[in-house]
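Mapping the sequence shown onto numbering that gives the first Met the number 0, position 317 (from 1) lands on 316, and the numbers just tick up by one.
Quick reminder that beta carbons are idealized off the backbone N, C-alpha and C, glycines included.
Remember, predicted model here, so these are calculated numbers, not experimental data.
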Amino acid sequence: MRKNKKRRFVFSHVPLALKLVGCFLFLAISMFLLLNTYGIRTMNTVLFQKKEDLLYDACSHLADSLPGITPQNIENFSGQLTLAASLEGCRLWAASADGKIFFDSGSTKRNNYVIPDYEPDFLTKTAIDSTNIGGLISYHACAAIYPLTSHFETTGYLIAFLPVRHIREESVAYIDIFNLCFLFYCLFLFLIFLVIYFITVLPLKKNIRAVQSYSSGKYDVTLRLSTRDEYEELAASTAFLAGELKNLEDYQKKFIANISHDLRSPLTSIKGYAEAMADGTIPPELYEKYLHIIVYETTRLVKLSQSLLALNSYENHGAMLEISVFDINSSIRQMALSFEGTGKQKGIQIHLVFEEPSLFVSADMEKIEQVLYNLLDNAIKFSYENKSIHISTKTKGYKAIISVKDYGIGIPKESLQKVFDRFYKTDSSRGKDKKGTGLGLSITKDIITAHKEHISVVSTPGAGTEFTFSLPIAPRNKDD
Ligand code: ATP
Ligand code: MG
């Protein structure tokens, strides 16, 4: 046999709250790492580029505003060059076309110093990201070079540079600001996760706790949620389910109590009379009387077990009807005939009032005959003596309407809706009709409901009762 093993998500067993915290930490840490690796690198590149541009602009501005700088007249310009270097925050060199430094804003010692190895390559560049200028400086710098010209000839170069370290420090300072912002963002994110926790996980937990209470039989636990979303719907459905479960449990208890009672009373009398006959308490001449009682009680037990079996089968196979087309009027005639004897004993006459001689319906004939039996049985049982019973059929749209009306004890208003419940008997019938199980109408309703039709009752205590139910008219009748 193939095993139906469900694949599960790796973290499927982890509680929702932990999953949320995990998501939050993952987001926070990954963002932090991204910011401090790729972010810092990108920031460095951008800052280098920006600094190079700034230095180059500064050099070009100086070269344009101070034309004709040469080693010979440098004394005239050194003040302005030093000031410009300190304003830009960089170090400024002026070199002759052959690579000799004749001005250094950072030191006076480097006059006529030749830039090693870089000549002419170094000076022809406009910018360099990181250089120690052939070992001339002890740190790595970001440099910009601008040619000094006179009469369309290059007479020298202005070289501006600043330590790479400064740029890196600046980018770290920027990233620190971003990190600080990110920290606030994380706090904000944490608040959002908290809100998500409160609006999703918490109500779910409440729901679970309530379901656990219901499953352990504590139906009085109320589930209160302050949300108006799907969780409220879930809570309402859970509460509804709990209510249904409680009703079912109550019903089951009542059902078992009723069955036990209905089984115990006939069994007790059967046992009592049989024992009394066996030990001689009842003399043989009275045997017939008590044997009749035993037969009567046994018949009740058989009826009860049959009714229970019928109910059970409707519950399990409610929809399994054997639908056929038959004449309901003919079934009623047949049923009336079989009840004629019982009716006569009470002086009751059964009148049939049909709109048409035949009325064909689509239904399960056997089960509908059971309905007619139950209704007629009740009508005769609860009718006053020497009265009549009316069974009528008529059509209304695509429906056949069948009613059974008696002139009997009637049903009190408060019992009208309960007569279809299992084992329900009104107080008056409880006294009069001991044989009844209280299951007849419940079976009747189940059958009609299985046909997706309706049954209703109208009754006036002391005057009579009328049960009315509908059935679908067979297509044959509809064509008529
Ligand atoms: P069973 O049908 O098993 O013999 P029953 O007749 O007592 O028992 P139901 O047919 O389910 O049970 O009826 C339930 C109760 O409804 C009856 O006990 C009776 O109190 C009331 N009832 C039903 N039909 C009528 C009626 N025609 N007139 C007055 N009361 C009725
Ligand atoms: Mg009955």
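Please state whether the Cβ-Cβ distance between residue i and residue j is less than 8 Å.
i, j, result
"Y213", "V220", "yes"
"F102", "S77", "yes"
"G133", "A93", "no"
"C185", "A57", "no"
"S106", "L91", "no"
"S330", "E368", "yes"
"L320", "K366", "yes"
"L308", "D261", "no"
"N373", "L440", "yes"
"M42", "Y173", "yes"
"L15", "V200", "yes"
"E74", "A159", "no"
"S264", "L438", "no"
"N328", "L358", "yes"
"I401", "A362", "no"
"Y272", "I281", "yes"
"I191", "T226", "no"
"C89", "L179", "no"
"Y397", "I454", "no"
Excluding the five sequence neighbours on either side, which residues of its own chain have a C-beta within less than 8 Å of the C-beta of residue i, listed in chain order?
i, result
"I410", "V418, T425, V456, S458, P460, T464"
"T237", "N206, A209, V210, Y213, L222"
"A462", "Y406, G409"
"N484", "For the chain, the structure presents residues 0 to 479; residue 484 sits outside this window and is missing."
"F177", "L34, G38"
"C22", "F192"
"L188", "F23, L26, A27"
If you drop the 5 nearest sequence neighbours on each side, which residues of the same chain put their C-beta closer than 6 Å to that of residue i?
i, result
"Y313", "D445"
"A83", "L61"
"N487", "Beyond the ends of the chain as shown, which are 0 and 479, falls residue 487; an answer cannot be given."
"F325", "M364"
"S391", "V352, S402"
Could you tell me how far apart the beta carbons of residue i and residue j are, in whole angstroms, since I believe they sit closer than 8 Å?
i, j, result
"I447", "F422", "So it is not a contact: roughly 19 Å between Cβ atoms."
"A335", "V360", "With 8 Å as the limit, A335 and V360 do not qualify as a contact, their Cβ atoms being about 17 Å apart."
"A234", "L244", "The Cβ separation is near 15 Å, so there is no contact."
"F31", "F181", "7 Å"
"L46", "E168", "Rounded, the Cβ-Cβ distance is 10 Å, inconsistent with contact."
"L240", "I442", "The pair is not a contact, with the Cβ atoms about 27 Å apart (cut-off 8 Å)."
"K50", "C141", "5 Å"
"Y55", "Y145", "6 Å"
"K99", "V113", "5 Å"
"S149", "G67", "6 Å"
"I269", "I293", "5 Å"
Grouping DSSP H, G and I as helix and E and B as strand, with all else coil, what is residue i?
i, result
"A362", "strand"
"A172", "helix"
"H60", "helix"
"A96", "coil"
"P14", "coil"
"E165", "Here the sequence assigns His to residue 165, which means Glu is not the residue at that position. It is helical."
"K417", "coil"
"V9", "coil"
"K217", "coil"
"E465", "strand"
"L470", "strand"
"C89", "coil"
"D228", "coil"
"F197", "helix"
"I68", "coil"
"K302", "helix"
"L135", "coil"
"H389", "strand"
"Y250", "helix"
"P146", "strand"
"I410", "coil"
"K398", "strand"
"Y423", "coil"
Go through its chain and collect everything with a Cβ distance to residue i's Cβ below 7 Å, but skip five positions before and after it.
i, result
"S414", "T425"
"M276", "Y286, Y289"
"K18", "F10"
"H389", "H350, V352, K404"
"L488", "Residue 488 lies beyond the range of the chain shown here (0 to 479); nothing can be said about it."
"L95", "Contrary to the premise, residue 95 reads as Ser rather than Leu in this sequence. Hits under 7 Å: P70, F101, G155."
"P356", "N328"
"Q79", "L65"
Taking 7 Å as the line, does the beta carbon of residue i fall inside it for any heavy atom of the ligand MN?
i, result
"N373", "The model on display carries the ligand ATP and the ligand MG but not the ligand MN."
Nearest-residue set for the ligand MG, Cβ under 5 Å from any heavy atom: N377, G439
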